[in-house]
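Chains A and B, in that order, are what the protein sequence lines are. 35 is the number of the first residue of the first sequence in our numbering; add one for each residue after it. 24 is the number of the first residue of the second sequence in our numbering; add one for each residue after it. Just so you know, even glycine gets a beta-carbon here, dropped at the ideal spot from N, CA and C. In this text, all values refer to a predicted model and were calculated from it rather than measured experimentally. Worksheet: the structure to be examined is printed underneath.
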Amino acid sequence: MKTFALTRAGDSGQAIATAAKATTAQQGADIRFIGGGTTLIDLMKLNVETPKTLIDINRLPLDKIDMLPDGGLTIGATVRNSDLAHHPLVRKNYNVLAEAILSGATVQLRNMATTGGNLLQRTRCMYFRDTAMPCNKREPGSGCAAITGANRGLAILGTSEHCIATNPSDMNVAMAALEAVIHLRGAKGERSIPIADFHLVPGNTPQRETVLEPGDLITHVTLPPPALGSRSLYLKLRDRASYEFALASAAVMITVASGKITRARIALGGVGTKPWRSTEAEGELTNQSATEAVFRKAADAALRGAKPQSQNGFKVELAKRCLVHALKLVTQTA
Amino acid sequence: MSDRGESERPEAEGHSEFGRSTRRTFLSRLGMASLVATAAPAITTLAQRSEKVGQELSPAAKDAVPVTLRVNGKKHDLRIDPRTTLLDCLREHLHLTGSKKGCDHGQCGACTVHINGRRVNSCLTFAAMHQDEEITTIEGIGQPENLHAVQAAFLATDAYQCGYCTSGQIMSAVALLKEPCGPEDADVKECMSGNICRCGAYPNIVAAVQSVRQNAKQPKAG
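Put into structure tokens, the structure is as follows:
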């Protein structure tokens, strides 16, 4: 591991001022905030990340979960994944989020990982993690070894000729379905960014994964009030029953009234280069009956743009079945 | 990078009298004996040199950070390279070698310790980030003459083979008792999924955890 200076932020302003001097907030940043460290330290041990300065933000007062006046929820950036998943308000109003978080990683990792850190979780693409291999995300212009290599676990939606890395987070998928808003404080003030606009598809710049600029500190995430009468669910399909990244997953939130779906929010995981909200699937479901034929149409719509690689063609059908099954489960008791 | 002198090291390596050596003390004495027999002068030179080199050239010395760690109720004032993970700090600086290094990437759970009562992977966090937090290792939860209920249960159900993952398994199991974990074996398996056992002692590990939970439910006799 490359050496670095470790500083502890006394307050957010100080942390932001220090981090604003970074050349980038993206891959290879020379100054980084550290929360749980479960992604960052892992990548530092691999020399994939080599920050010269780490700013420990764990003692900033960003660890609260509160109900908002409108009935929504505000979640501090350093709230641990286990605290978020087990919070009574999350259990009651945002079940899909609790299920998504608990389906990922292990108790130990969830006790460490933070909300802000999980939003910034890095891909598990083995070529990104191996500095001996070419990777456009890690070293722009070096090529993508995954496209001609081992790509079974990689993305089929939102890919480009330069990068097919999957966003590995489960939490992000639920956050996408819940239409979370990410709140930042930066050198130029505060910004609020809907999660759909927070992560970027790789395009020609796979090294840019989010809209974060140097100095931007995620302070909290807000969730809108729960939709009246809606039911939600997270279904994750993977190679093992536990402690494994998704091959395909679906976060679904559905409201059914008099036999018709009046509202649908759909996001897919394990298949996209970013948490994959599917407004196409939502469109196919809205104002339709909750039948398998409708679910299948929605799944077809969600995967219409899929570009499978040499080893992950199975993900197209798997993701469709995952979504259909999730919709069946969530509506059968509605 | 520790400021603790050799003489201050805790006697964590077990008994030294004949016939009661631990594997660690036996091996280290064996190693020293053969070195002394073959290369006594070289040892002295090396030891003297490395001390000097360490003082003058340590690349991290200028970046070393002071940290006070509270481990198993005992306070330790240290100066450490900021790269030192909590696991390496426990093992190499405080000589608490019960916590094990398996994968060193948060995947195997052999390094599991408690910070403020919650289990974490000590290989995935820097020691210097844990100023004044309450750290508990396997050395802090029970003693040979006064085992923690989980330790006793691991013995009773034969919940290990080679033993390398065991301290991590036990630290996870102890934490699990206070976590929201369902009653079934399947729930225990899910809650213990962050601890890998290459010997495959899983059925007996689940049995150990379940036996402790069963006993905790029953009113204690007399």
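Annotated three-state conformation of A/Glu247 is coil, per DSSP. When 8 Å is used as the limit between beta carbons, A/Lys98 is near no residue of chain B, the shortest such separation being about 17 Å. For A/Ala360, the CB contacts under 6 Å within the same chain, skipping 5 residues up- and downstream, are Leu267, Leu269, Ala284, Val286 in chain order.
At least one CB of chain B lies nearer than 8 Å to the CB of A/Thr72. At a cut-off of 8 Å between beta-carbon atoms, B/Glu213 makes contact with chain A. DSSP places A/Tyr161 in no beta strand (DSSP E); its state is neither H nor E. Only exposed fits B/Asn238, as fewer than 16 other CB atoms lie within 10 angstroms of its CB. Fewer than three Cβ pairs drawn from the stretch 96 to 107 of chain A and the stretch 125 to 133 of chain B lie within less than 8 Å of each other, which leaves the two stretches out of contact. Only those residues of the stretch 83 to 98 of chain A whose C-beta falls short of 7 Å from the nearest C-beta of chain B are listed: Asp90, Asn92.
Note on geometry: alpha-carbon atoms of B/Ser122 and A/Ser176 lie some 40 Å from one another. A/Arg163 sits away from A/Arg114, with the two beta carbons spaced by 8 Å or more.
Taking a C-beta distance under 8 Å as the contact criterion, A/Thr253 and A/Leu96 qualify as a contact pair. Contact between A/Val358 and A/Arg330 is confirmed by a C-beta separation of about 6 Å, below the 8 Å threshold.
Secondary-structure assignment with DSSP links B/Asn144 through a beta bridge to B/Thr135. Listed in chain order, the alpha helix (DSSP H) elements of length 4 or more contained wholly in the stretch 100 to 135 of chain B amount to none. Membership of A/Asp100 in the beta strand (DSSP E) is indicated by the continuous run 99 to 101. The alpha carbon of A/Leu262 has as its nearest neighbour, out of A/Ile295, A/Leu74, A/Ala139, the alpha carbon of A/Ile295. A contact between stretches requires three or more CB pairs, one per stretch, nearer than 8 Å, and the stretch 195 to 204 of chain B fails this requirement with the stretch 244 to 260 of chain A.
Restricted to the stretch 118 to 155 of chain A, the alpha helix (DSSP H) segments that are unbroken, complete and at least 4 residues in length are 122 to 127, 129 to 136, 141 to 146, 149 to 153, listed in chain order. In this structure, A/Leu281 is the residue among A/Thr108, A/Leu319, A/Leu281, A/Leu218 with its C-alpha nearest to the C-alpha of A/Ala189.
For B/Pro89, the enclosing beta strand (DSSP E) stretches over residues 88 to 94. Between A/Pro202 and A/Thr307, the C-beta gap is not smaller than 8 Å, which leaves the two residues out of contact. DSSP lists A/Arg219 as the bridge partner or partners of A/Glu224. DSSP places A/Asp273 outside both helix and strand once states are collapsed to three, so it counts as coil. Here the C-alpha atom of A/Ala119 lies approximately 33 Å from the C-alpha atom of A/Ala56. For the stretch 156 to 168 of chain A, there are no residues whose beta carbon sits under 8 Å from a beta carbon of chain B. DSSP lists A/Ala284, A/Trp310 as the beta-bridge partner residues of A/Leu302.
Taking a contact as a CB-CB distance under 8 Å, the pair A/Lys362 and A/Glu326 counts as one, their CB atoms being some 7 Å apart.
Cβ proximity to chain B below 7 Å picks out Ser276, Tyr277 from the stretch 272 to 294 of chain A.
Counting C-beta pairs with one atom in each stretch, the stretch 149 to 158 of chain A and the stretch 147 to 158 of chain B have fewer than three that are closer than 8 Å, which means they do not touch. Of the candidates A/Pro342, A/Gly106, A/Leu302, the residue whose Cα lies closest to the Cα of A/Ala333 is A/Leu302. Per DSSP, A/Leu88 is one residue of the beta strand (DSSP E) stretching across 87 to 90. For A/Gly110, the enclosing beta strand (DSSP E) starts and ends at 107 to 110. The beta-carbon of B/Gly217 is placed less than 8 Å from the nearest beta-carbon of chain A. Along the stretch 133 to 152 of chain A, going in chain order, the ones with a CB nearer than 7 Å to a CB of chain B are Thr140, Val141, Gln142, Leu143, Asn145, Met146. Taking 8 Å as the threshold, the shortest C-beta distance from B/Thr91 to chain A does not fall below it.
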